[in-house]
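A.B. asks:
There are 2 protein chains.
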Amino acid sequence: MTTSSRRDRDPVLQAIAEVFRRHGYEGTSLSRLTTATGLGKGSLYNLFPHGKEQMIAEVLAHIQRWFETEIFVPLEETENPSAGIERMFRSTEQYFQSGQRICLMGLMALDGDTPFGTQIQAYFSDWQTALASAIYKSGKPQEEATDLAEEIVSGIQGALVLAHAQSDAGIFLRRMQSFRRRLGFPCGRLQ
Amino acid sequence: MTTSSRRDRDPVLQAIAEVFRRHGYEGTSLSRLTTATGLGKGSLYNLFPHGKEQMIAEVLAHIQRWFETEIFVPLEETENPSAGIERMFRSTEQYFQSGQRICLMGLMALDGDTPFGTQIQAYFSDWQTALASAIYKSGKPQEEATDLAEEIVSGIQGALVLAHAQSDAGIFLRRMQSFRRRLGFPCGRLQ
DNA sequence: CCCAGTTTGTACCGATCGGTACAAAGAGTC
DNA sequence: GACTCTTTGTACCGATCGGTACAAACTGGG
Numbered sequence: 001m002t003t004s005s006r007r008d009r010d011p012v013l014q015a016i017a018e019v020f021r022r023h024g025y026e027g028t029s030l031s032r033l034t035t036a037t038g039l040g041k042g043s044l045y046n047l048f049p050h051g052k053e054q055m056i057a058e059v060l061a062h063i064q065r066w067f068e069t070e071i072f073v074p075l076e077e078t079e080n081p082s083a084g085i086e087r088m089f090r091s092t093e094q095y096f097q098s099g100q101r102i103c104l105m106g107l108m109a110l111d112g113d114t115p116f117g118t119q120i121q122a123y124f125s126d127w128q129t130a131l132a133s134a135i136y137k138s139g140k141p142q143e144e145a146t147d148l149a150e151e152i153v154s155g156i157q158g159a160l161v162l163a164h165a166q167s168d169a170g171i172f173l174r175r176m177q178s179f180r181r182r183l184g185f186p187c188g189r190l191q
Numbered sequence: 001m002t003t004s005s006r007r008d009r010d011p012v013l014q015a016i017a018e019v020f021r022r023h024g025y026e027g028t029s030l031s032r033l034t035t036a037t038g039l040g041k042g043s044l045y046n047l048f049p050h051g052k053e054q055m056i057a058e059v060l061a062h063i064q065r066w067f068e069t070e071i072f073v074p075l076e077e078t079e080n081p082s083a084g085i086e087r088m089f090r091s092t093e094q095y096f097q098s099g100q101r102i103c104l105m106g107l108m109a110l111d112g113d114t115p116f117g118t119q120i121q122a123y124f125s126d127w128q129t130a131l132a133s134a135i136y137k138s139g140k141p142q143e144e145a146t147d148l149a150e151e152i153v154s155g156i157q158g159a160l161v162l163a164h165a166q167s168d169a170g171i172f173l174r175r176m177q178s179f180r181r182r183l184g185f186p187c188g189r190l191q
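From first to last, the protein sequence lines are chains H and B. Note that the UniProt record's numbering numbers the first sequence so that position 88 is 88, with each residue one more than the last. Note that the UniProt record's numbering numbers the second sequence so that position 158 is 158, with each residue one more than the last.
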């Protein structure tokens, strides 16, 4: 551990994540990873001794951590639930680059038999729980809060799918506005 | 063309489609296809001379055709828009096996650089257009009809993602009920 | 029953897969 | 500058990839 090691891991991990997002787990080959990161196999296997599986595991863990600290915790802890929810919308729009970026958790959820089922499950249920809690605190009855949270969390995933299918980021942003309206946030009616 | 040829294509195509659904395009290997179909490579390349790419192309075309005749056209042509919409919900629930089955179009939309972008685009915009038309005919203003159609089409995709992530088909069915409610269909409030 | 045409299994192709071995190069310490 | 320890590029591994060649087995029509 002379110089880099820890310091250089993060940007490399980010580049790797983007490859997984674009090609899925099985479509991500080591050659794609070497070109995307600019590192040779030697360096990659030095940083991630267990290869592809360690890479995807660390990428997923990194995503989970980011959402946890940046979105889920603020959602649950805020004393101003509306502000917390609005912050979630903004962070989400930013993270997914207004719909141009895919949700790797959602992609992995569809991909079938990964060994990360429980991790993916936790990601989505954490999100929904945190959001439901904030909506509940904002004054809606518990039952409705849970239902709205499910609607929004799944709706975000669907918006990403549709936006990507149509190559139209506007769809994603429009859906996000629709969720705000649904929660009674002031943001103007349609469009 | 002595016996089978045309007749046997369909069940084989169905088995192939299931493999694509479970593993994505890049994750679908010829060995998986041979075991899933029970056919050897020789037979597969006899039915689909251009290999994997022809298979996925025919699978997508088959899906497109099915939705077109079974859902989109009835949606647009019905004189009773509410009945047409309810029929769409039922067909959709049935097709996706109450959320246990994945939407291959949605998966391909996420998968990135496929040569089927326009086909995928058409699938979703056809769906949205047909649904918006039915909602409009049911009495909602055009602007709202378009928005609701976008909400529901993307919402279905998101419901599939979430249901698969949580291994809980109930999520999908609950979302579908929510859409019905949203359109003013009688189906009881929450749950 | 024979024969044209089809369907099938098997062997094989070069390319690429994920992963390993290891020697050369780099970098911090003294 | 010599000595560690880490990082890197390269060559190589067996396995599998998508795809082809082709002879044997099958099939219905005459």
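Note that CB positions come from ideal geometry on N, CA and C, so glycine has one too. Please read these numbers as outputs of a predicted model, since none were measured by experiment.
Report yes or no: is there a C-beta of chain H within less than 9 Å of the C-beta of Asp26(B)?
C.D. replies: In the second sequence, the residue the question calls residue 26(B) occupies position 26. Reading the sequence as shown, one finds Glu at residue 26(B) and not Asp. Judged by the 9 Å Cβ criterion, Glu26(B) is in contact with chain H.
A.B. asks: Is there contact between the region 127 to 140 of chain H and the region 63 to 77 of chain H, where contact requires at least three CB pairs shorter than 8 Å?
C.D. replies: Judged by Cβ distances under 8 Å, the region 127 to 140 of chain H makes contact with the region 63 to 77 of chain H, as three or more pairs qualify.
A.B. asks: Can you tell me whether His50(H) is buried or exposed? The criterion is at least 16 other CB atoms within 10 Å of its CB, across all chains shown.
C.D. replies: Locating residue 50(H) in the first sequence gives position 50, where the first residue counts as 1. Classification of His50(H): exposed, given that the 10 Å Cβ count is below 16.
A.B. asks: Taking the C-alpha atoms as reference points, what is the distance between Leu162(H) and Asp168(H)?
C.D. replies: Start at 1 with the first residue of the first sequence, and residue 162(H) comes out as number 162. Start at 1 with the first residue of the first sequence, and residue 168(H) comes out as number 168. Spanning the two alpha carbons is a distance of roughly 8 Å.
A.B. asks: Helix, strand or coil: which one does DSSP assign to Phe116(H)?
C.D. replies: Residue 116(H) sits at position 116 when you count from the first residue of the first sequence. Coil, per DSSP.
A.B. asks: Tell me which residues of the region 102 to 126 of chain B have at least one Cβ-Cβ distance to chain H shorter than 9 Å, keeping chain order.
C.D. replies: Cβ contacts with chain H: Ile102, Cys103, Met105, Gly106, Leu107, Met108, Ala109, Leu110, Asp111, Gly112, Asp113, Gly117, Ile120, Gln121, Tyr123, Phe124, Ser125.
A.B. asks: What are the uninterrupted segments assigned as alpha helix (DSSP H) that are 4 or more residues long and contained completely in the region 44 to 88 of chain H, given in chain order?
C.D. replies: As far as the region 44 to 88 of chain H is concerned, its whole alpha helix (DSSP H) runs of at least 4 residues are 51 to 67, 73 to 77.
A.B. asks: Given the structure, does Thr129(H) come close to the ligand COA, in the sense that its CB is under 8 Å from one of the ligand's heavy atoms?
C.D. replies: Inclusion of the ligand COA in the displayed structure is not the case, the ligand content being empty and no account of it being possible.
A.B. asks: Along the region 133 to 159 of chain H, where does the CB come closer than 8 Å to a CB of chain B? Name the residues.
C.D. replies: Here the close residues are Glu143, Glu144, Asp147, Glu150, Glu151, Val153, Ser154, Gly155, Ile156, Gln157, Gly158, Ala159.
A.B. asks: Could you give the distance in angstroms between the alpha-carbon of Ile171(H) and the alpha-carbon of Ile102(B)?
C.D. replies: Walking along the first sequence from the start, residue 171(H) turns up at place 171. Walking along the second sequence from the start, residue 102(B) turns up at place 102. Near 22 Å, if we compare the C-alpha coordinates of Ile102(B) and Ile171(H).
A.B. asks: Between Gln191(B) and chain H, is there a C-beta pair that is closer than 9 Å?
C.D. replies: Position 191 of the second sequence holds residue 191(B). Unreliable placement is indicated for Gln191(B), whose pLDDT of 48 sits below 50; no coordinate value is reported for it.
A.B. asks: Do Phe179(H) and Ser82(H) have their beta-carbon atoms positioned less than 9 Å apart in this structure?
C.D. replies: On the first sequence, residue 82(H) is found 82 positions in, with the first residue counted as 1. On the first sequence, residue 179(H) is found 179 positions in, with the first residue counted as 1. Contact: no.
A.B. asks: Return the residue from the list Ile16(B), Asp8(B), Gly24(B) that minimises the CA-CA distance to Leu110(B).
C.D. replies: The residue labelled residue 110(B) in the question sits at position 110 within the second sequence. Nearest C-alpha to Leu110(B): Gly24(B).
A.B. asks: Please report the distance separating the alpha-carbon of Tyr45(H) from that of Leu107(B).
C.D. replies: As a first step, residue 45(H) is located in the first sequence; it is residue number 45 there, counting from the start. As a first step, residue 107(B) is located in the second sequence; it is residue number 107 there, counting from the start. Those two C-alpha atoms are separated by around 30 Å.
A.B. asks: What residue range is occupied by the uninterrupted alpha helix (DSSP H) comprising Thr34(B)?
C.D. replies: By 1-based counting over the second sequence, the position of residue 34(B) is 34. Looking at the DSSP string, the run of the alpha helix (DSSP H) that includes Thr34(B) is 30 to 37.
A.B. asks: Taking the C-alpha atoms as reference points, what is the distance between Gln54(B) and Pro141(B)?
C.D. replies: As a position in the second sequence, residue 54(B) is number 54, starting the count at 1. As a position in the second sequence, residue 141(B) is number 141, starting the count at 1. Spanning the two alpha carbons is a distance of roughly 42 Å.
A.B. asks: Quick one, are the C-beta atoms of Phe67(B) and Trp127(B) less than 9 Å apart?
C.D. replies: If you number the second sequence from 1, residue 67(B) lands on position 67. If you number the second sequence from 1, residue 127(B) lands on position 127. Cβ atoms of Phe67(B) and Trp127(B): closer than 9 Å.
A.B. asks: Would the region 111 to 118 of chain B count as touching the region 32 to 42 of chain H if we require 3 or more Cβ pairs under 8 Å?
C.D. replies: Cβ pair count under 8 Å is below three, so no.
A.B. asks: Would you call the CB atoms of Glu26(B) and Gly27(H) closer than 9 Å?
C.D. replies: Here residue 26(B) refers to the residue found at position 26 when the second sequence is read from its first residue. Here residue 27(H) refers to the residue found at position 27 when the first sequence is read from its first residue. Their beta carbons are under 9 Å apart, which means Glu26(B) touches Gly27(H) by this criterion.
A.B. asks: Measuring CB to CB, does Gly38(B) end up less than 9 Å from Ala61(B)?
C.D. replies: Here residue 38(B) corresponds to residue number 38 of the second sequence, with the count starting at 1. Here residue 61(B) corresponds to residue number 61 of the second sequence, with the count starting at 1. In this structure, Ala61(B) does not lie closer than 9 Å to Gly38(B) by Cβ.
A.B. asks: Residues of chain B with CB under 8 Å from Ser91(H), in chain order?
C.D. replies: Here residue 91(H) refers to the residue found at position 91 when the first sequence is read from its first residue. Those do not exist, as Ser91(H) stays about 18 Å from chain B at its closest Cβ, beyond 8 Å.
A.B. asks: Ser29(B): buried (16+ other C-beta within 10 angstroms of its C-beta) or exposed?
C.D. replies: By 1-based counting over the second sequence, the position of residue 29(B) is 29. Flag for Ser29(B) reads exposed.
A.B. asks: At 8 Å on the CB atoms, spell out the chain H contacts of Arg175(B), in chain order.
C.D. replies: In the second sequence, residue 175(B) corresponds to position 175, counting from 1. Per Cβ cutoff of 8 Å: Glu150, Glu151, Ser154.
A.B. asks: Since I believe Leu160(B) is in contact with Phe96(B) (beta carbons under 8 Å), could you give me their beta-carbon distance rounded to a whole number of angstroms?
C.D. replies: By one-based count along the second sequence, residue 96(B) stands at place 96. By one-based count along the second sequence, residue 160(B) stands at place 160. Confirmed, Cβ separation roughly 6 Å.
A.B. asks: Can you check whether the C-beta of Arg180(B) is within less than 9 Å of a C-beta belonging to chain H?
C.D. replies: For the purposes of this step, residue 180(B) is taken as the residue at position 180 of the second sequence. No, because no Cβ of chain H sits closer than 9 Å to the Cβ of Arg180(B).
A.B. asks: Could you run through the region 49 to 82 of chain B and flag, in chain order, every residue whose CB is less than 8 Å away from some CB of chain H?
C.D. replies: Hits within the stretch: zero.
A.B. asks: If you run the structure through DSSP and keep just helix, strand and coil, what is Asp168(H)?
C.D. replies: Counting from 1 along the first sequence, the entry for residue 168(H) is found at position 168. The answer is coil: DSSP assigns Asp168(H) none of H, G, I, E or B.
A.B. asks: For Val12(B), decide whether its Cβ has a neighbour in chain H, counting only Cβ atoms nearer than 9 Å.
C.D. replies: Position 12 of the second sequence, counting from 1, holds the residue named residue 12(B). False, the Cβ-Cβ gap to chain H never drops below 9 Å.
A.B. asks: Within the 9 Å Cβ cut-off, does Ala17(B) reach chain H?
C.D. replies: Taking the second sequence and counting its residues from 1, one reaches residue 17(B) at position 17. Not one chain H Cβ lies under 9 Å of Ala17(B).
A.B. asks: Where do the N-terminal and C-terminal ends of the alpha helix (DSSP H) with Leu110(H) fall, by residue?
C.D. replies: As a working note, residue 110(H) is residue 110 in the first sequence. Element bounds for Leu110(H): 104 to 110.
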